[in-house]
Every structure is written in C-alpha cells, then in structure tokens.
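Visitor: In my numbering, the protein residues as written are 170 to 361.
Backbone N, C-alpha and C fix where the C-beta goes; we use that ideal spot for every residue, glycine too.
On a predicted model such as this, the values are computed, not experimentally measured, just so you know.
First the structure, which I've put down as structure tokens, then a few questions once you've had a look.
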Amino acid sequence: MTLKPSAITGIGLVQFFLAATFVVWLLFFPATGDRFAWPVVPSLTATFIGAAFIARTYLGFQLWRQKYWHNLRWQVWGNYGFLAAIFLATLWHADKMNWKTSFWMAHIWTIAYIVEPVMLPLLEPRGPGRNQPLPPELRAGPILATTRWLMAAILLIGVTIGGLLIINPAFTNTRWPWPLATVSFGACMTLP
C-alpha cells in the first residue's frame, strides 16, 4: 500500500478549512455574499454556492486525514475537474473580484485556487505501486447497481447545468429559480 505524500496533508487541511469557512459564510450569512472574493448576489446564489462547498469540505477532510493513497484514488479525477474549472474561472474573471472591498478574501481565493490546481498533480504519487489492486481484506465489495444509476443521473444533471451556466447563461437565466446576476461556474459573469 502506498502512503499518501505528506504535502497532500497540508493541501487538504487548507482546503478543508477554506471550504468550511465558505460553507458557513454563504449558507448562514448569504446577505453578506457581496463581500465574498467576488460579489455573490442575490442571497439565493450565495446559498447555492455555499451548499456546493459542502462536498469540497468533505474532499478536503479526506485529503487531510487519510493515510493511504488507495483511500483517495476515488476522488482524483473529480478533484482535478473541479480544480481545472475553478482555476480557469478565477483567471477568466479576475477583474470581477472584490479587490477593493474584500482585499484579503479576493487574494486568498486567487492564491488558493491557482496554487492548488498547479501543485496537487505534482504531489500525487507516481510509480508502479500507485494503482495496484487492493488486497482482498481491504476491498469493500462491488458498487450497487442502484448507486451506479444514481451517480450517473447526478453526473448527467450536473454536467448539463454546468454546461448551460458556462455556454449559455442567458438561456439558463430563463430557467433558474432566481435571477442570475453574477454567477457562472464558481466565478462571476455579468449577464446582459
């Protein structure tokens, strides 16, 4: 079994506490979303983004607390997908950040979501032992068919909504339960 590199522990710790802060801030104090790294308004948008960071908090906790790489393999590609999207969105919308009103938060967000996507792939274990099958005593068994279908449905819905938010936010604005003024895939986009 391959041990998790110790540097990933630090990334997981930072990711966990930042994401947990975003969850508490945006879920319980959505009216203050305009003081986030970028202006997250209206309040329902702040709540939506705060709820999305619950999963990010869990992934950060796993990166921080797991000792063996085989316990983290399940999240690698999902983590990279999230980080690639947030990296591009951060760079794309850097001019929309709250550089003057939330100086520290804008800098923390920008540094965290530029450093983590660049560093994490460099720290991932490499070599022959990285993806070896687990010994039988560590295997948890097959995934239930209903769980596979549920995960497939969640993936399809998420990709569809995410794609529409990025590619055609004007159309998405006609179907979203509240007006989309400044939300697009974790960063802000002003709609015409």
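Straight-line CA distance for residue 229 to residue 175?
Guide: Straight-line Cα distance between these residues: approximately 14 Å.
Visitor: Mind listing, in chain order, the continuous alpha helix (DSSP H) runs of no fewer than 4 residues lying wholly within the segment 223–289?
Guide: Correct list: 245–261.
Visitor: Using only the alpha-carbon positions, how far apart do residue 346 and residue 184 sit?
Guide: One C-alpha to the other measures close to 30 Å.
Visitor: Around the C-beta of residue 344, are 16 or more other C-beta atoms found within 10 angstroms, so that it is buried, or is it exposed?
Guide: Label assigned to residue 344: exposed.
Visitor: With respect to the alpha helix (DSSP H) encompassing residue 308, which residues constitute its N-terminal and C-terminal limits?
Guide: No alpha helix (DSSP H) contains residue 308, which DSSP labels as neither H nor E.
Visitor: How long is the line joining the alpha carbons of residue 204 and residue 231, rounded to whole angstroms?
Guide: Cα to Cα, the separation comes out at about 29 Å.
Visitor: Rounded to whole angstroms, how far is the Cβ of residue 196 from the Cβ of residue 220, which I believe are closer than 8 Å?
Guide: Confirmed, Cβ separation roughly 6 Å.
Visitor: Say whether chain C places a C-beta atom closer than 8 Å to the C-beta of residue 312.
Guide: The chain labelled as chain C is not found in the depicted structure, where only one protein chain is given.
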